[in-house]
Amino acid sequence: VQDFVDSPIEFTDFTNVEPRAGAAFDLSRGTRQMAVTAHYGRYYYNNSVALSAANPNGHATRTYRIENDGSLTLINQSNPSTTLIDPDLRRPYSESFIVGYRTRLARSLALRVSGIFKKSRDFIGTVDINRPADLFDPFNVTNPLSGEAMTVYNLRAGSPSTRLYYTNPEGADRDYKALATVLEQRPTRYVQFIVSHVWSRAPRWRRDSGRVTAVRPSAAPGTTRTSSSTRVKDVRWTWTARTR
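Counting in the numbering used here, the sequence shown runs from 651 upward without gaps.
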């Protein structure tokens with residue numbers, strides 16, 4: 651049986667301003683063409699479909715483990731009617747600052763150098779309020795691939811089922827810094843080439859963090875994971891090159 655409400659139920663409403671500005675300064679002298687550019691912009695992400703998990707008409711889930719004898723052991727269950735949303739939830743956004751220098755080296759050859767800084771804030775993530783960190787017992791194991799010692803966390807048997815709380819978790823901020831150099835040959839006699847080099851750093855990013863939501867590791871009693879909370883990794887300086 652399904653009923654209908656007289657008016658839509660709104661969990662949260664975002665009203666945001668996205669300021670953007672850019673400028674270019676011509677520094678050309680004689681036949682030498684040069685310019686300096688600058689840009690600032692704020693960009694808000696679209697609302698995450700993950701928020702649909704709070705729909706009380708959504709699907710409830712149960713997760714079982716198949717034992718060796720074929721029996722099933724219930725290890726977790728979720729009910730959308732118990733999912734909570736932070737009343738002060740903020741919409742994720744990114745701010746970018748770009749400063750560039752462009753010059754013509756020859757008739758068809760140009761050089762561009764750009765400094766890029768981008769920061770991403772207020773990522774939306776989930777906190778399992780029924781499974782705090784103290785329900786995970788740490789123990790040391792040997793990594794079978796590298797042979798190195800590592801610590802994993804085992805969810806204690808008898809722990810309550812998941813209850814999610816959508817919020818803006820601390821520690822989910824991400825930054826990106828880069829220095830990009832591009833040498834471009836415009837088409838001349840059917841010949842064109844672009845050579846680019848990017849020196850970049852992305853502190854606090856993780857491999858699976860290219861999304862709007864902060865990742866919530868999942869676990870079940872008797873299973874292990876490598877951390878008891880969402881963690882982000884600091885990526886080292888990386889060099890990349892592209893030719894075309």
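In this text, a Cβ means the ideal position worked out from N, Cα and C, and glycines have one as well.
Values in this document were obtained by computation on a predicted structure and should not be read as measured data.
Check, Outcome
"Run through the DSSP bridge pairs and tell me what Leu814 is partnered with.", "Asp778"
"Roughly how many whole angstroms lie between the Cα atoms of Leu761 and Arg692?", "27 Å"
"Determine the direct distance from the alpha carbon of Val763 to that of Thr776, and round the result to whole angstroms.", "40 Å"
"Can you give me the C-alpha to C-alpha distance between Ile774 and Arg679, rounded to a whole angstrom?", "50 Å"
"CB-CB under 6 Å to His689, same chain, minus the five flanking residues each way: which ones, in chain order?", "Gly672 and Ile748"
"Cα-Cα, which of Gly708, Arg712, Thr812 and Lys769 is closest to Pro782?", "Thr812"
"When DSSP builds the beta bridges, which residues end up paired with Val763?", "Tyr751 and Thr831"
"Closer than 7 Å by C-beta to Ala828: which residues in its own chain qualify, once you throw out the five before and the five after it? Chain order, please.", "Ile766, Val848, Trp849 and Ser850"
"Assuming contact is defined by CB atoms lying nearer than 7 Å, are Arg771 and Asp787 in contact in what I supplied?", "no"
"Measure the Cβ-Cβ separation of Gly750 and Pro730 and say whether it is below 7 Å.", "no"
"Classify Ala799: buried if its beta carbon has 16 or more other beta carbons within 10 angstroms, exposed otherwise.", "exposed"
"If we count the other Cβ atoms within 10 Å of its Cβ and call it buried at 16 or more, is Arg670 buried or exposed?", "exposed"
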